[in-house]
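Numbering (the numbering used here), first residue to last: 175 to 565.
In structure tokens, the structure reads:
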């Protein structure tokens, strides 16, 4: 009787598994039914993805996905896929603007023949900082003060002109982050301190006052909170920073594969500085000395791992910069899976502001936005893994 019961139980398991498999196939959720990873991912039956996909207008979703291959001559070839990509559709970039600021700071140091290991001081600040530590703070925990110090080092006009000259657009960086003087166009004096070398003075800059952006969807929601009061009129982003998905994607591609671009489109940094930047981008907070109970591995890694606090496996390297503010979540990433020999770029942004009120700190980051980005990353990886095994 016992063996018969086991046989029935095993038969039942097989039936259940077969039924589940048939349901999945009928829903079109198997990679074999799709030509690329992005189409596969956004068609997923996962609730984490469907909750966004079923209400696209509210979530202003944009995605760029790029695979990388080398031809017979070892030249880089990019294969790009996108969903709702629109460089004229405004979204708030939040801390993703720290990426170009960190990168251009390294380039400016190169032009000054100075090292990223050098120290610096900001006018009216008695503390001496290290450029390397500042950049590590930006990527490990997205430190706003670190970003703002480098903003003083560069100035908005310098940032915007340099990005434009490299073909990275549309972008407009106009202000600092989370500080009372965020919109002040003028920068402070910076002193670069190098051992055995003459002190370098970076004089204050008078930068252009920002003009209103000429984009769609600049006025968002039904209201916003100001000085503790809710003002029921759409929030105007016309003078805020803008860093389009296209611009973010093009910039990270230049960092990872500079050889795939014309010399005029590259960032002029030494291999030593580039290696430092890449390490800073992929290192986890615990690897930078931060408390892992507070700054867990996925603290700044939304794609694939954002909805878990477990450690990211050692064979996965994610070079990225995230941003989240005003209900908008963005992640610009290059992902490497050394175990399965996979690599690709994903840049995505999603709005999660159900009540339509901005600046009230009532957004669905943890319940909706981050789970979506995490599931998106997992589904894309699932497809790429299947595709590699297939061939």
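Where a beta carbon is used, it is the ideal one built from N, C-alpha and C, also for glycine.
None of these values were measured; they are calculated from a predicted model.
The beta carbons of residue 542 and residue 526 sit about 5 Å from each other, so the pair counts as a contact at 8 Å.
Under the three-state reduction of DSSP, residue 385 is assigned to coil, being neither helix nor strand.
Burial of residue 296 is indicated by the presence of at least 16 other C-beta atoms within 10 angstroms of its C-beta. Between the alpha carbons of residue 523 and residue 225 lies a distance of about 15 Å. Here residue 304 is bridged, per DSSP, to 293. Rounded to whole angstroms, the gap between the alpha carbons of residue 326 and residue 363 is 7 Å. By the neighbour-count criterion, in which a residue is buried when 16 or more other Cβ atoms sit within 10 angstroms of its Cβ, residue 211 is buried. Under DSSP, residue 492 takes part in a beta bridge, and its partners are 509.
Cβ contact annotation for residue 475 (same chain, cutoff 6 Å, sequence separation greater than five): 492, in chain order.
By the Cβ rule, the stretch 470–488 counts as touching the stretch 542–551, because three or more pairs are nearer than 8 Å. Within the DSSP secondary-structure output, residue 503 pairs in a beta bridge with 498 and 524. Exposure of residue 249 is indicated by the presence of fewer than 16 other C-beta atoms within 10 angstroms of its C-beta. The beta carbons of residue 393 and residue 408 sit closer together than 9 Å. In the DSSP annotation of this structure, the continuous segment of the beta strand (DSSP E) that includes residue 398 starts and ends at 397–400.
DSSP lists no beta-bridge partner residue for residue 560. Distance from the Cα of residue 253 is smallest, within the candidate group 417, 240, 470 and 231, for 240.
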